[in-house]
Amino acid sequence: MRKTSKIESAGLLGMFFAGCISAPDVVLLDRKTVLEELASGELHPLENDLREEALVPRGVDYTRAELRESGADVSEGTLSSIVEIYAMLRTDAELVDELLVLRCVGESLDGQLVETPTTCSRRVNATRTSAMVQRANRARRQLWRYLEETRPDADPAALRASWRTQHLETVVCGAQLETERGWEVKRC
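Take a look at the structure:
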């Protein structure tokens with residue numbers, strides 16, 4: 048029998064234990080932890096929650112004296128109704144402008160607002176956005192009906208087209224507008 052040297056013994060012993068040793072499992076995360084997001088100032092979910100919370104209409108604070116000065120009826124029932132409706136419409140208009148710029152909503156060819164979730168640059172609450180778009184479209188249809196009643200000899204399609212032309216002049220810069228060629232961004 049042949050004698051083995053210390054080097055050969057160490058080599059054989061190393062090969063024997065090499066089969067038992069394996070690299071540890073490594074888990075890589077492709078997201079930052081909440082603490083890292085907090086430290087870097089990237090809190091997109093919180094920003095989205097705040098933005099979504101703004102979609103809920105709320106009242107504007109006026110004192111009774113301010114309302115009396117404006118000539119508004121300050122009786123209890125009338126006052127609360129007027130303030131509530133005004134606040135809702137004003138808030139919706141500001142939010143519609145924001146959603147138009149974010150491309151979550153667009154001004155369609157027929158003069159109504161349409162939801163465009165495929166082009167939206169942020170995640171928004173679809174239910175709240177849909178409710179706001181429906182309110183805005185309802186208000187537009189009521190306005191068009193009023194215009195048709197005040198001008199019974201005019202063509203309703205022409206009235207709506209004329210309204211849309213004037214309305215698009217007041218739409219916020221960067222808004223998403225539908226044209227004959229498709230969706231475009233309003234340049235100012």
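Residue numbers (our numbering): 48 to 235. Yeah, the Cβ is synthetic: ideal placement off N, Cα and C, and Gly gets one too.
**Prompt:** Between Val143 and Gly153, which are expected to be in contact by the criterion C-beta below 8 Å, what is the C-beta distance as a whole number of angstroms?
**Reply:** Numbered from its first residue, the sequence shown carries residue 143 at position 96. Numbered from its first residue, the sequence shown carries residue 153 at position 106. The pair is not a contact, with the Cβ atoms about 11 Å apart (cut-off 8 Å).
**Request:** State buried or exposed for Val180, treating a residue as buried only when at least 16 other CB atoms are found within 10 Å of its CB.
**Result:** Against the sequence shown, residue 180 aligns to sequence position 133. Buried, since its Cβ has 16 or more Cβ neighbours within 10 Å.
**Message:** My output table needs one value for Gln189: the three-state DSSP class, helix, strand or coil.
**Reply:** Here residue 189 corresponds to residue number 142 of the sequence shown, with the count starting at 1. In the structure shown, Gln189 sits in a helix (DSSP, three-state: H, G or I).
**Request:** Measure the C-alpha to C-alpha separation of Thr197 and Gly118 and round it to an integer number of angstroms.
**Result:** Within the sequence shown, residue 197 is the residue found at index 150, counting from 1. Within the sequence shown, residue 118 is the residue found at index 71, counting from 1. If you take the alpha carbons of Thr197 and Gly118, they lie about 26 Å apart.
**Prompt:** Where do the N-terminal and C-terminal ends of the alpha helix (DSSP H) with Gln223 fall, by residue?
**Reply:** If you number the sequence shown from 1, residue 223 lands on position 176. Counting along the chain, Gln223 sits inside no alpha helix (DSSP H); it lies in the beta strand (DSSP E) bounded by residues 223-226.
**Asked** Whole alpha helix (DSSP H) runs in the region 160-204 with 4 or more residues, listed along the chain?
**Response** Qualifying alpha helix (DSSP H) stretches, in chain order: 173-197.
**Prompt:** Would you call the CB atoms of Arg187 and Gln159 closer than 8 Å?
**Reply:** As a first step, residue 187 must be located in the sequence shown, where it is residue number 140. As a first step, residue 159 must be located in the sequence shown, where it is residue number 112. Their beta carbons are under 8 Å apart, which means Arg187 touches Gln159 by this criterion.
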